[in-house]
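Residue numbers (my numbering), protein chains in the order written: chain V, 20 to 409; chain D, 20 to 409.
Below: the structure, in structure tokens.
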């Protein structure tokens with residue numbers, strides 16, 4: 020599988036930046052989602068009218084700087100859904116990256132190219148962003164470890180914002196050890212030796228996934244329970260996963276439109292119809308809608324604080340099904356998109372860290388199991404991933 | 020001024036088709052808006068995802084067939100706003116054609132390339148379509164004769180539809196004699212020798228235009244009155260030009276979305292944000308809105324039947340100002356667009372024929388005077404244009 024076949028790097032000269040000679044990530048190379056600044060290289064944002072509206076950055080994003088200083092080297096910038104607005108990874112401007120694990124299917128997005136190059140073995144790990152699922156969903160669809168850190172834990176400077184109250188930067192890797200090593204650098208702490216003691220199984224989320232997915236994930240849940248210790252079944256969202264989804268959609272869409280409105284107005288950019296339509300319809304959201312959604316967000320956060328004291332983690336299917344086929348119509352994908360968001364909304368809504376563990380296969384395509392901890396327990400989740408992947 | 024400088028022809032090999040050896044239009048050449056089929060040439064529609072969704076036509080549009088049979092030859096296909104949805108002529112995919120009469124300003128649209136090549140003298144005349152002003156507005160902005168025929172008078176087969184109850188195909192020319200000759204072929208009647216006897220001056224429309232435009236058009240109105248005979252001041256739209264505009268916007272937007280919805284859904288095409296947004300918001304129009312608009316359309320039609328018995332024509336400014344500058348923001352153009360539509364809505368709403376007469380200049384840029392007749396009086400308007408242009 021050549022780089023060109025993947026269609027995962029952005030067009031044009033390949034961005035390559037050597038890391039520091041010595042450091043904890045020496046010998047590792049990584050790719051950078053094209054929403055994240057690398058000094059001296061344009062940040063394309065997955066849209067032909069984004070780059071021309073923004074100067075070439077003169078400094079690295081914080082996260083890029085940390086990784087280069089730790090010895091990892093950049094091998095390229097990767098495709099993304101337009102300005103992060105998409106969950107499937109289909110982009111008609113730069114092309115849709117290949118899902119190496121399921122070539123007839125979408126890679127997932129918006130960190131589509133990052134997932135593609137890591138899954139293909141082109142580099143050791145890759146950076147993505149995750150506002151509403153953009154690291155977790157492609158990790159599930161391509162069969163990778165992937166983390167959405169606690170909201171606000173990693174400095175977001177030098178990265179294209181979408182919805183600031185949900186935006187995070189994360190990473191993906193094939194190998195659990197590499198995955199954890201990157202975390203030690205970015206989180207600034209060693210991966211703890213002690214593991215959580217209790218695993219909650221989110222019954223409502225497993226029930227919401229396709230039965231084949233719940234069945235395929237069951238052995239992973241068993242294995243996780245053995246690693247952690249106690250297992251308990253729980254309802255994640257008493258108000259309903261779809262109610263949480265609505266709240267997150269309202270808040271994220273409102274913030275997205277606010278973020279992009281000046282660009283839309285000034286440049287009238289070319290966009291996929293579906294992306295433009297969602298932005299346009301976000302303009303109809305009212306203050307009443309936003310207030311109602313913000314109250315539900317408080318309820319969701321309270322629920323997670325109740326469920327996840329220190330030492331307790333929760334698991335759920337990362338996506339309700341494996342990756343859909345490439346090239347489906349907007350209407351064919353409308354309901355699947357909403358279903359994906361019902362499981363993925365948790366991260367953006369509550370700010371809790373979430374890690375996708377690869378391992379299950381349905382209809383020949385990967386699907387992942389997510390573990391979630393209380394805010395700030397990123398390292399504990401990496402420790403579980405390391406134990407799980409060993 | 021070279022063809023390349025104009026940026027008015029569609030990219031790729033130039034469509035050239037010789038007309039019949041002998042015929043009433045022998046020796047004339049013309050350009051074809053890229054929404055109109057020429058057999059063997061793709062119909063691009065001004066959007067990169069339109070062409071791939073539609074087969075190369077195997078037959079000419081009716082109007083193209085008539086002109087070729089009459090001896091005129093095609094010299095190229097011309098740029099258009101995306102799938103006819105635009106009034107200014109700015110297109111980021113194929114580029115915005117030059118307005119040869121005012122190079123710093125937009126050419127007007129959606130028949131932008133057709134207006135550009137005729138104004139530059141590259142060919143004798145050009146075909147356009149006019150649903151909400153797409154022949155009349157670029158004719159005004161580029162200083163050309165241009166006609167929107169009576170709705171339904173010319174066969175529309177082989178042309179990309181937008182809003183069928185308003186869609187028409189028309190043409191533009193620099194020279195009044197050429198303009199009338201084309202009409203004889205397409206309308207199938209000689210230009211009459213007798214002229215209308217009464218000219219109505221639409222006071223509300225002149226009042227609605229910029230004062231500088233009304234002033235610049237005054238000598239043209241005087242000249243027209245001398246040619247026709249009697250002159251009388253009248254109110255065109257007792258309910259309000261903006262009320263007529265709202266009705267036309269509601270009906271046209273609803274029909275546009277219905278026309279394009281299958282394509283949007285299946286291909287999720289790349290579009291300018293502003294175009295996509297308008298389509299998306301059209302989905303919010305209710306049956307009640309449509310009924311109200313259809314009733315106002317009946318009132319507007321009744322008004323024109325009352326005002327325009329045989330022998331009476333009406334004049335108004337074609338546009339309320341000359342062409343705006345190129346490259347303005349969506350919000351800068353929002354109100355100007357609505358103002359343009361207040362004067363242009365008449366054609367689509369009532370189906371009456373309308374001809375733009377060039378001749379006035381404001382701030383160094385052209386602006387035109389429109390004449391309107393009752394349904395079916397296309398030839399009488401051409402006779403007036405011929406008398407006016409001689």
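We put the CB at the ideal spot given by N, CA and C, even for glycine.
Remember, predicted model here, so these are calculated numbers, not experimental data.
Can you tell which of 216(V), 230(V), 236(V), 312(V) has the C-alpha that lies nearest to the C-alpha of residue 248(V)? The shortest CA-to-CA distance from residue 248(V) to any of 216(V), 230(V), 236(V), 312(V) is the one to 216(V).
Less than 7 angstroms between C-beta atoms, sequence neighbours within five positions excluded: which residues of the same chain meet that for residue 358(V)? If the five residues before and after residue 358(V) are omitted, its C-beta is found closer than 7 angstroms to the C-beta atoms of 339, all from its own chain and listed in chain order.
Whole beta strand (DSSP E) elements within the segment 278-366 of chain D, 3-residue minimum: For the segment 278-366 of chain D, whole beta strand (DSSP E) runs of length 3 or above, ordered along the chain, are 289-291, 331-336.
Could you please give the first and the last residue of the uninterrupted beta strand (DSSP E) stretch that includes residue 118(D)? Note, residue 118(D): premise wrong, no beta strand (DSSP E); not H, not E.
Closer than 8 angstroms, CB to CB, is residue 106(V) near chain D or not? Judged by the 8 angstroms Cβ criterion, residue 106(V) is not in contact with chain D.
Candidates 183(V), 395(V), 396(V), 377(V), of which the one nearest residue 192(V) by Cα: For residue 192(V), the closest C-alpha among the options 183(V), 395(V), 396(V), 377(V) is that of 377(V).
Min CB distance residue 359(V) to chain D below 8 angstroms: So no, residue 359(V) is outside the interface.
Under the rule that 16 or more other beta-carbon atoms within 10 Å means buried, what is residue 371(D), buried or exposed? With 16 or more other Cβ atoms within 10 Å, it is buried.
At least one CB of chain B closer than 8 angstroms to the CB of residue 276(D): is that the case? Looking for chain B here will not work: the only protein chains present are V and D.
Within 8 angstroms of any Cβ in chain D, is that where the Cβ of residue 112(V) sits? Chain D, which has a Cβ nearer than 8 angstroms to the Cβ of residue 112(V), makes this yes.
Mind listing the chain V neighbours of residue 284(D)? Cutoff is C-beta to C-beta under 7 angstroms, in chain order. Chain-ordered, the chain V residues with CB closer than 7 angstroms to the CB of residue 284(D) read 348, 349, 350.
Any beta carbon of chain D sitting closer than 8 angstroms to that of residue 147(V)? For residue 147(V), the answer is no, since every Cβ of chain D falls outside 8 angstroms of its Cβ.
Contiguous beta strand (DSSP E) assignments of at least 3 residues, all confined to the segment 237-281 of chain D: Counting only runs that start and end inside the segment 237-281 of chain D, the beta strand (DSSP E) elements of at least 3 residues fall at 249-253.
Would you please state the rounded distance, in angstroms, between the beta carbons of residue 146(V) and residue 90(V)? I believe it to be under 8 angstroms. Between residue 90(V) and residue 146(V) the Cβ distance is about 15 angstroms, and since that is not below 8 angstroms, they are no contact.
Continuous alpha helix (DSSP H) stretch holding residue 379(V): start and end: If you look at residue 379(V), you'll find it isn't in any alpha helix (DSSP H); it sits in the beta strand (DSSP E) that goes 373-381.
Neighbour list for residue 291(V) in chain D, Cβ cutoff strictly below 7 angstroms: Near residue 291(V) (Cβ distances below 7 angstroms), the residues of chain D are 287, 289.
Quick check: residue 260(D) and residue 283(D), are their CB atoms within less than 8 angstroms of each other? The Cβ atoms of residue 260(D) and residue 283(D) do not sit closer than 8 angstroms to each other.
Just to confirm, is the Cβ distance from residue 80(D) to residue 178(D) under 8 angstroms? In contact: residue 80(D) and residue 178(D) (Cβ atoms closer than 8 angstroms).
Whole beta strand (DSSP E) runs in the segment 163-223 of chain D with 3 or more residues, listed along the chain? Segments of the beta strand (DSSP E) lying fully in the segment 163-223 of chain D: 164-167, 188-192, 217-221.
Over what stretch of residues does the alpha helix (DSSP H) that includes residue 389(V) continue unbroken? Run containing residue 389(V): none in the alpha helix (DSSP H); it sits in the beta strand (DSSP E), 384-391.
Identify which residue in 119(V), 151(V), 120(V) has its Cα closest to the Cα of residue 128(V). The shortest Cα separation from residue 128(V) among 119(V), 151(V), 120(V) belongs to 151(V).
CA-to-CA distance, residue 309(V) to residue 185(D), given in whole angstroms: Distance from the CA of residue 185(D) to the CA of residue 309(V), rounded to the nearest whole angstrom, comes to 40 angstroms.
So the candidates are 131(V), 273(V), 30(V); which of them puts its Cα closest to the Cα of residue 305(V)? Comparing Cα-Cα distances from residue 305(V) to each of 131(V), 273(V), 30(V), the minimum goes to 273(V).
At which residues does the alpha helix (DSSP H) containing residue 160(D) begin and terminate? Element bounds for residue 160(D): 155-161.
Rank 157(V), 369(V), 230(V), 159(V) by C-alpha distance to the C-alpha of residue 255(V) and give the top, closest one. Nearest neighbour of residue 255(V) by Cα position, chosen from 157(V), 369(V), 230(V), 159(V), turns out to be 369(V).
Report the option in 111(D), 94(D), 160(D) whose CA atom is closest to the CA atom of residue 336(D). Nearest of 111(D), 94(D), 160(D) to residue 336(D), Cα basis: 160(D).
Between residue 296(V) and chain D, is the shortest Cβ-Cβ distance under 8 angstroms, so that the two count as touching? Chain D contact via Cβ: present.
Using the three-state DSSP reduction, which class does residue 68(D) fall into: helix, strand or coil? Correct three-state label for residue 68(D): helix.
Here's the rule: buried if 16 or more other CB atoms are within 10 angstroms of the residue's CB, otherwise exposed. What is residue 354(V)? So residue 354(V) ends up on the exposed side.
Counting contacts by CB-CB distance shorter than 8 angstroms, is residue 299(V) in contact with chain D? Yes, because at least one Cβ of chain D sits closer than 8 angstroms to the Cβ of residue 299(V).
Checking the sheet assignment: what are the DSSP bridge partners for residue 92(D)? Residue pairing from DSSP places residue 92(D) in a beta bridge opposite 48(D).
N- and C-terminal bounds of the alpha helix (DSSP H) containing residue 407(V): Membership of residue 407(V) in the alpha helix (DSSP H) is indicated by the continuous run 397-408.
Do residue 401(V) and residue 326(V) count as a contact pair if the criterion is CB distance below 8 angstroms? No, the Cβ-Cβ distance between residue 326(V) and residue 401(V) is not below 8 angstroms.
Residues near residue 75(D) by beta carbon distance below 6 angstroms, same chain, minus five either side: Closer than 6 angstroms at Cβ, skipping near neighbours: 61.
DSSP state of residue 150(D) mapped onto helix, strand, coil: Under the three-state reduction of DSSP, residue 150(D) is assigned to coil, being neither helix nor strand.
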